[in-house]
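K.L.:
This is the structure I want to talk about, given as structure tokens.
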Amino acid sequence: MNAGITRRGLLAGTGALIVSFSLTGRGFAQDDQKLPGSLANDAFLDSWIRIDGDGAITVFTGKAELGQGVKTALIQIAAEELEVTPTEITLVTADTGRTPNEGYTAGSQSMPNSGTAIRNAAAQVRALLIGEAARRLNVAPESLHAADKKIGQFGYGALAASLDLHVAAQPDSPLKSSADFKTMGQPFPRVDIPAKVTGGVAYVQDLKPQGMLHARVVRPPSPGAQLASIDSSGVKAMPGVKTVLQDGNFLAVVAEGEFQAIKAMRALSAAVQWNEHPSLPAKSDIPTYLKSLEREVGTVAQEGSVVIAAGQPVFKARFTRPYMMHGSIGPSCAVAVLEGIVLTIWSHTQGVYPDRKAIAEMLAMPLDNIRIIHSQGSGCYGHNGADDAAADAAVIARALPGQPIRVQWMREQEHANEPYGPAMLMEVEAALGADGSISTWNYDVWTNSHSTRPGGAGALLAGRSLAKAFPPEPAELEISPSGNGDRNADPLYTFPNRRILWHFLPDMPVRVSALRSLGAYANVFALESFMDDMALEANADPVAFRLQHLDDQRAKAVIQEAATRFGWDSREKIPGQGHGFAFARYKNHAAYLALAVTVAVDRDTGHVRVLRAVAAIDSGEIVNPDGIRNQTEGGIIQAMSWTLYEQVTFNETRITSIDWASYPILRFASVPDSIEIHIVPRPNEPFLGTGEAAQGPTPAAIRNAIRDATGVKLYDLPFTRERVRGAIGI
Amino acid sequence: MAIKLNVNGSEQSIDSDPETPLLYVLRNDLKLNGAKFGCGLGQCGACTVMVDGKAVLSCVTPVLLMEGRTITTVEGLGTIEQPGPMQQAFIAEQAAQCGYCIPGMMMRAQALLQTNPQADDQAIRQALEFNLCRCGTHMRILRAIHRARDLMQQANAQESGRAG
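Shown next, in the form of structure tokens:
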């Protein structure tokens, strides 16, 4: 910690660095005049919905399909409120040339933001169409209904031709009641799956514009490495090679054929010398290392007294999580072409508008001369290499005007260069009151910012490497309702006294950014693990203990649903097996999820396998129940993989986890026997989002089940065989 | 040097560097998008295709070795208009999230079921051990392959019924 700055000083209000936002007030006042969802950012109805003279309906979203199924759900929503079948809807996703700016497709917010906007816009367009028909027929609008793309004898196209949809949306919309839904709330087959299983053009990797050339980059071998010398003459003479590009520390090869580009990349790697210096943590002792980086403390929540009365039983624990990867199966890719003064980039970025801004700054080009079109990539679980690959393609395309350039990262490049989910240290101290409930909960988390997304060219690897280099923007501590590194650090439980602090680490020797659920994964891991430990201390059943500390009825409902479906009260004790439970309301204001698991622990090998998982989720109004199940199953399995296997490794200079052998993830032999997802329906409630709700409860449920099976409490992620075997003392 | 191979039932002559991995020949020369680049190291299975009925990692298989071989990619299992049993099963089970690993999974499963039409859950899991999925679609992938197996068995039964 910096000299002169102490937590006590900050808490006493003597420092200027306190950033405070109280989450303990629960709920947020709704501003009645605010437009719903992303309509607040772009109020014009025709930004979202257009109806041509022939009746063709096009819906626009600023969100992107990341494999989460959002296209299908948005089509269902638009179809429902427009009273048409989903096949009538053409959906255009994130494209700076065509769609509204909805920032990033992230944070499980596509349904609350874009889903809400499209639903309201569609309902208002329907009302305008009905109004126009009523005017023509000289009848009251209430007497008319939309059906089959018609109102009365008038088709939507004919009615729309008389309407100006370039009008601002109103705060209130004539939304349909859930009871009248035809499409929403029903399982609907994903619109993108047929092409994906038959070899159609489905991904940015599949694009092949006429005259396209293949590019590969050669990245510095370690963070901050500087080019010492290069002799590219041999590479330039290789078959098919069009050019070798060098700009500062940025190196790329361009060739006619893809394998020619790969061979040239390998040759160039061998023809370059770098000056490297050690910049990574000396050893992977996460607690010591993270504490050494602390520069600032933010109060996430404070209520009641921090001081625990003398004589009260006090319990403490310390939890850690390592740096973790997104690890998409397909490494990042982008295609770009400079035609005249206009640069067009196809990218699997999560944010076409923010990425455009960063790339425009990097290339010193006007924003309007750059268009970024989202094109699907392999699964996106946060800020991976997508933006960087787009920047690479932009730099190379600028050097070769008129030639479409496809940049494909290699596996080792993605593993070594993607921004990782940050490491975290969590310390918790809790006191039990005489009534057997928790009276005080003091919690400290040490971590970086969990978002270093483009906003500046310095966030892009290419931007950092060019001769005219852009430095990364300094990270700043910000306490927000959604949370970041502190996401879900504040328990939803009714503890009368609490104090939650984020010890902020602005320096990022290891490049980090957003990984699915940000800090919630590890904060819920610590919170829900310690809740279980406290239940044991209080001699209470873990499920009953949680219910005892909750006022929120929806929270209680998912916990009870998961426990009932799992058969918690009648669970059997089988040697070598254990059962575990965990719960969270994502961000404390989004989806509720409770999870019960059974694990088997092999005492000889330390191998842990989840046998069965039963989850209950409440993500508000349901659009596509199968989509909710698919995302939740996926979230559980991915978090299971993080929890049992995953950690980024490095020496003092280089990242050493650079392929699937050095960064193992879950394989089929360890997949559970069964996973059940039970959805708690909440008709006429707002969309809460789904994609990240399972990330936090999963590690805690597994940890609590291992404790149930072995009596051993684990505190450090991941629960590798070695670690489990070491802990159970064999 | 031209290399002759059969891809999805049609004869092809490939004139490329013989070291070129089959994956790039399929994706670029033949414009088949099904097989995916995942690692280029033979570690993830996204590039899996069938060669003479066996599952092969096309990212580490030089095209030189493909002379005279019969190769099947996911495009060879059916079309979007007329999907084959494996494709029908993956659609019916909605067995994809991002879908990037899925063609590799399907080809691995196709090779298994052609050799072992009765493959049980354990045999299916064992065969898929080579293939990585990051979205966590595993349960659906397993269900889809069970369904594909049943569809293929039904089709075979009907076929032999007609033949008899």
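Protein chains in written order, with my numbering: chain A, 1 to 730; chain B, 731 to 894. Note that the Cβ used here is the ideal one computed from N, Cα and C, for glycine as well.
(1) Measuring alpha carbon to alpha carbon, tell me which of A/V342, A/R318 and A/A389 ends up nearest A/T349.
(2) Closer than 8 Å, CB to CB, is B/C777 near chain A or not?
(3) Quick one: is B/L787 near chain A, going by C-beta distance under 8 Å?
(4) Return the CA-CA distance between A/V597 and B/G775, expressed in angstroms with no decimal places.
(5) Quick one: which unbroken alpha helix (DSSP H) runs of 4-plus residues sit fully inside the region 326–383 of chain A? Chain order, please.
(6) Would you mind telling me which residues of chain B sit closer than 8 Å to A/E758, beta carbon to beta carbon, in chain order?
(7) Let me know if A/P491 comes out buried or exposed under the rule of 16 or more other beta-carbons within 10 Å of its beta-carbon.
(8) Mind checking whether B/Y830 and A/S378 have CB atoms under 8 Å apart?
(9) CA-CA distance, A/I118 and A/Q186?
(10) Residues in the same chain with beta-carbon distance under 6 Å from A/I89, minus the five sequence neighbours each way, listed in chain order, please.
(11) In chain B, what lies closer than 9 Å to A/Y203 by C-beta?
(12) Below 8 Å, how does it come out for the region 431–449 of chain A and the region 465–472 of chain A: are there three or more Cβ pairs, yes or no?
(13) Let me check understanding here. Comparing Cα to Cα, which of A/H214, A/S110, A/D192 and A/Q170 lies closest to B/R707?
(14) Quick check: the region 569–588 of chain A against the region 86–103 of chain A, are there 3 or more CB pairs under 8 Å?
(15) Where A/P489 and A/Y521 are concerned, what is the direct C-alpha to C-alpha distance, given to the nearest angstrom?
(16) Find the residues of chain A that neighbour B/E859, judging by a C-beta separation of less than 9 Å, and give them in chain order.
(17) Under 8 Å, Cβ to Cβ, is there at least one residue of chain B near A/W274?
(18) At a CB distance below 9 Å, what residues from the region 633–650 of chain A approach chain B? Give them in sequence order.
(19) Using a Cβ-Cβ cut-off of 8 Å (strictly less than) and excluding sequence neighbours within five positions of A/S641, which residues of its own chain qualify?
(20) A/S22 by DSSP, collapsed to three states: which one?
(21) Count the other C-beta atoms from every protein chain shown that fall within 10 angstroms of the C-beta of A/V307, then say buried if there are 16 or more, exposed otherwise.
(22) In terms of residues, what are the limits of the alpha helix (DSSP H) holding A/Q560?
(23) Using a C-beta cutoff of 8 Å, does A/L23 count as contacting chain B?
(24) Thinking A/G689 and A/P278 are a contact (beta carbons under 8 Å), I'd like their distance in whole angstroms, please.
(25) Residue range of the alpha helix (DSSP H) that A/T288 falls in?
(26) Could you tell me whether any Cβ in chain B is nearer than 8 Å to the Cβ of A/Q408?
(27) So which residues of chain C does B/I821 contact, with C-beta pairs closer than 8 Å?
(28) Roughly how many whole angstroms lie between the Cα atoms of A/V272 and A/E633?
(29) Report the CB separation of A/G103 from A/G351 in whole angstroms; it is logged as a contact under 8 Å.
(30) Going by the CB atoms, is the gap between A/N442 and A/R499 shorter than 8 Å?
(31) Please check if any C-beta of chain A sits within less than 8 Å of the C-beta of B/T867.
(32) Does the region 619–627 of chain A come within contact of the region 845–858 of chain B, defined as at least 3 CB pairs closer than 8 Å?
(33) With DSSP run on the structure shown, which of helix, strand or coil describes A/R318?
(34) Measure how close the beta-carbons of A/A615 and A/R609 come, nearest whole angstrom, since I'm counting them as under 8 Å.
(35) Tell me whether A/D31 sits in a helix, a strand or coil according to DSSP, three-state version.
(36) Compare the C-alpha of A/G224 against each of A/A358, A/V191, A/R511 and A/I728 and name the closest.
P.N.:
This is what the structure gives:
(1) Here residue 349 of chain A corresponds to residue number 349 of the first sequence, with the count starting at 1. The residue among A/V342, A/R318 and A/A389 with its C-alpha nearest the C-alpha of A/T349 is A/A389.
(2) Position 47 of the second sequence, counting from 1, holds the residue named residue 777 of chain B. Not closer than 8 Å to any Cβ of chain A, the Cβ of B/C777 fails to qualify, so no.
(3) Residue mapping note: residue 787 of chain B aligns to position 57 of the second sequence, counting from 1. So, not an interface residue.
(4) Position 597 of the first sequence, counted from the first residue, corresponds to residue 597 of chain A. Position 45 of the second sequence, counted from the first residue, corresponds to residue 775 of chain B. Roughly 29 Å between the two C-alpha positions.
(5) 352–363
(6) This structure does not reach residue 758 of chain A, given that chain A is present from 1 up to 730, and the question cannot be answered.
(7) Residue mapping note: residue 491 of chain A aligns to position 491 of the first sequence, counting from 1. Flag for A/P491 reads buried.
(8) Here residue 830 of chain B is taken as the residue at index 100 of the second sequence, counted from 1. Here residue 378 of chain A is taken as the residue at index 378 of the first sequence, counted from 1. Taking 8 Å as the Cβ cut-off, B/Y830 and A/S378 qualify as a contacting pair.
(9) Within the first sequence, the letter at position 118 stands for residue 118 of chain A. Within the first sequence, the letter at position 186 stands for residue 186 of chain A. Rounded to the nearest angstrom, the two C-alpha atoms are 18 Å apart.
(10) Residue mapping note: residue 89 of chain A aligns to position 89 of the first sequence, counting from 1. So the list reads I57, V59, I75, A78 and A79, once near-sequence residues are dropped.
(11) Indexing the first sequence from 1 puts residue 203 of chain A at position 203. Here the neighbours are N763, K766, C828, G829 and Y830.
(12) No, because fewer than three Cβ pairs between the region 431–449 of chain A and the region 465–472 of chain A fall closer than 8 Å, the two stretches do not touch.
(13) The first residue shown for chain B is 731 and the last is 894, placing residue 707 of chain B beyond what the model contains.
(14) no
(15) Locating residue 489 of chain A in the first sequence gives position 489, counting from the first residue. Locating residue 521 of chain A in the first sequence gives position 521, counting from the first residue. What sits at residue 489 of chain A in the sequence shown is Ala, not Pro. Taking the CA atoms as reference points, A/A489 sits about 10 Å from A/Y521.
(16) Along the second sequence, read from residue 1 onward, the residue named residue 859 of chain B stands at position 129. What B/E859 touches in chain A: R667, F668 and A669.
(17) Numbered from its first residue, the first sequence carries residue 274 of chain A at position 274. No, A/W274 does not count as interfacial toward chain B.
(18) E633, G634, G635, I636, I637, Q638, A639, M640 and S641
(19) Residue numbering aside, residue 641 of chain A sits at position 641 when the first sequence is read from its first letter. The answer, listed in chain order, is I665 and L666.
(20) Here residue 22 of chain A refers to the residue found at position 22 when the first sequence is read from its first residue. Confidence at A/S22 is low in this model, with a pLDDT of 27, below 50, so its placement is unreliable and no value can be given for it.
(21) Translated into positions along the first sequence, residue 307 of chain A becomes position 307. So A/V307 counts as exposed.
(22) Numbered from its first residue, the first sequence carries residue 560 of chain A at position 560. Start and end: Q553 to F566.
(23) Mapped onto the first sequence, residue 23 of chain A falls at position 23. Residue placement at A/L23 is poorly supported in this model, since its pLDDT is 27, which falls under 50; the coordinates still yield a value, given next. Chain B, which has no Cβ nearer than 8 Å to the Cβ of A/L23, makes this no.
(24) Locating residue 689 of chain A in the first sequence gives position 689, where the first residue counts as 1. Locating residue 278 of chain A in the first sequence gives position 278, where the first residue counts as 1. So it is not a contact: roughly 41 Å between Cβ atoms.
(25) Along the first sequence, read from residue 1 onward, the residue named residue 288 of chain A stands at position 288. That run of the alpha helix (DSSP H) goes I286 to S292.
(26) Taking the first residue of the first sequence as position 1, residue 408 of chain A is located at position 408. It does; some Cβ of chain B falls within 8 Å.
(27) The chain labelled as chain C is not found among the protein chains of the depicted structure, namely A and B.
(28) The count along the first sequence starts at 1 and reaches residue 272 of chain A at position 272. The count along the first sequence starts at 1 and reaches residue 633 of chain A at position 633. Going by the C-alpha atoms only, they are around 45 Å apart.
(29) For the purposes of this step, residue 103 of chain A is taken as residue 103 along the first sequence, with counting starting at 1. For the purposes of this step, residue 351 of chain A is taken as residue 351 along the first sequence, with counting starting at 1. Indeed, because the Cβ distance is near 6 Å, the residues count as touching under 8 Å.
(30) Here the question's residue 499 of chain A lines up with position 499 in the first sequence. Here the question's residue 442 of chain A lines up with position 442 in the first sequence. Taking 8 Å as the Cβ cut-off, A/R499 and A/N442 qualify as a contacting pair.
(31) Position 137 of the second sequence holds residue 867 of chain B. Yes, because at least one Cβ of chain A sits closer than 8 Å to the Cβ of B/T867.
(32) No: the two stretches stay apart, fewer than three of their Cβ pairs being nearer than 8 Å.
(33) As a first step, residue 318 of chain A must be located in the first sequence, where it is residue number 318. Strand, per DSSP.
(34) By one-based count along the first sequence, residue 615 of chain A stands at place 615. By one-based count along the first sequence, residue 609 of chain A stands at place 609. Their Cβ separation, rounded to whole angstroms, is 18 Å, which puts A/A615 and A/R609 out of contact at 8 Å.
(35) Counting from 1 along the first sequence, the entry for residue 31 of chain A is found at position 31. Model confidence at A/D31 stands at a pLDDT of 46, short of 50, so the residue's coordinates are unreliable; what they give is reported in the following sentence. Note: A/D31 maps to coil in three-state DSSP.
(36) As a working note, residue 224 of chain A is residue 224 in the first sequence. Among A/A358, A/V191, A/R511 and A/I728, the Cα nearest to that of A/G224 is on A/R511.
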